[in-house]
Amino acid sequence: MIRAAVLEDAAVIARIHVASWRETYRTIMPDPYLDHLSAENREPGWRKSLAEGPVFVALDQTNEIVGFANGGPSRKNSVMEGELYALYLLKSHQGQGTGKRLFDHVLEDLRQQGCSSCVVNVLADNPSRFFYERFGGRLVSGQPIERGGKQLIEYTYRIMLQPSSNV
Ligand SMILES: CC(C)(COP(=O)(O)OP(=O)(O)OC[C@H]1O[C@@H](n2cnc3c(N)ncnc32)[C@H](O)[C@@H]1OP(=O)(O)O)[C@@H](O)C(=O)NCCC(=O)NCCS
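The letter at position 139 of the sequence shown is residue 182 when you use this note's numbering, and the numbering goes up by one with no holes.
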């Protein structure tokens with residue numbers, strides 16, 4: 044099930060965020076950088092995000108949060124362009140259609156805010172970038188970024204938003 048998160052979810056989202064980053068980036072980012080991530084440090088950022096706009100969370104059968112996604116205005120481009128800021132699901136819950144459902148909720152929210160397209164930044168080394176390609180993402184640029192002293196390439200994909208919705 045997908046639901047909109049509330050302020051009280053900030054601590055759990057921060058915990059899932061750190062766990063999912065460690066799973067996703069273990070072979071991509073340096074170990075010390077990942078080991079140093081802390082849910083406690085991330086919680087204030089999630090409180091701020093929750094106050095600013097919707098965050099969607101995926102729940103398992105026991106109503107535990109196992110993933111999350113959020114978006115909003117693009118941090119770089121025109122006001123008509125949205126951005127998917129984050130989409131993370133614990134590995135144990137991937138491959139069951141949940142990531143797509145979270146993704147659809149964010150895209151529908153961006154559509155309702157008047158966006159006709161959406162960008163997402165994803166590391167070139169992250170195989171999840173093919174998920175965006177699978178759903179119409181077109182590679183528009185690549186830029187170097189640094190994480191924990193390691194140089195990486197981040198790709199930007201653009202997804203055109205259709206006016207209709209099935210969420
Ligand atoms: C990317 C992610 C959210 C996808 O969620 P998921 O629940 O595993 O994907 P779904 O089960 O909803 O898949 C929906 C469709 O996308 C496809 N798909 C899923 N991951 C894919 C991938 N990495 N590459 C290509 N296709 C993919 C599925 O095969 C499925 O196709 P179908 O409709 O033909 O059956 C999830 O793998 C994840 O959290 N990854 C780690 C975190 C991450 O890297 N996030 C992106 C950071 S920018």
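Beta carbons: idealized from backbone N, C-alpha and C, even for Gly.
Relative to the non-hydrogen atoms of ligand 1, the Cβ of L182 never comes closer than 6 angstroms to any of them. For the set E66, P73, A53 and R58, the Cα lying nearest the Cα of P170 is the one of E66. Nearest to L80 by alpha-carbon distance, out of I202, G191 and E51, is G191. By the neighbour-count definition (other C-beta atoms within 10 Å, threshold 16), T70 is an exposed residue.
M203 and E197 have their C-alpha atoms roughly 20 angstroms apart.
Between L127 and V98, the C-beta spacing is not below 7 angstroms. Judged by their CB atoms, S92 and V162 are not nearer to each other than the 7 angstroms cut-off. C-alpha of A53 to C-alpha of G115: approximately 18 angstroms in a straight line. In the same chain as V61, and ignoring 5 residues on each side of it, the C-beta atoms closer than 6 angstroms to its own belong to L80 and A82, in chain order. For K119, the secondary structure class from DSSP, reduced to helix, strand or coil, is coil. Looking at the backbone, the Cα of T141 and that of A101 are separated by about 7 angstroms.
Cβ contact annotation for M72 (same chain, cutoff 7 angstroms, sequence separation greater than five): R190, G191 and K193, in chain order. S184 counts as exposed, since fewer than 16 other C-beta atoms from the protein chains shown sit within 10 angstroms of its C-beta. Distances from the alpha-carbon of Q205 to those of L195, P187 and D152 put D152 closest.
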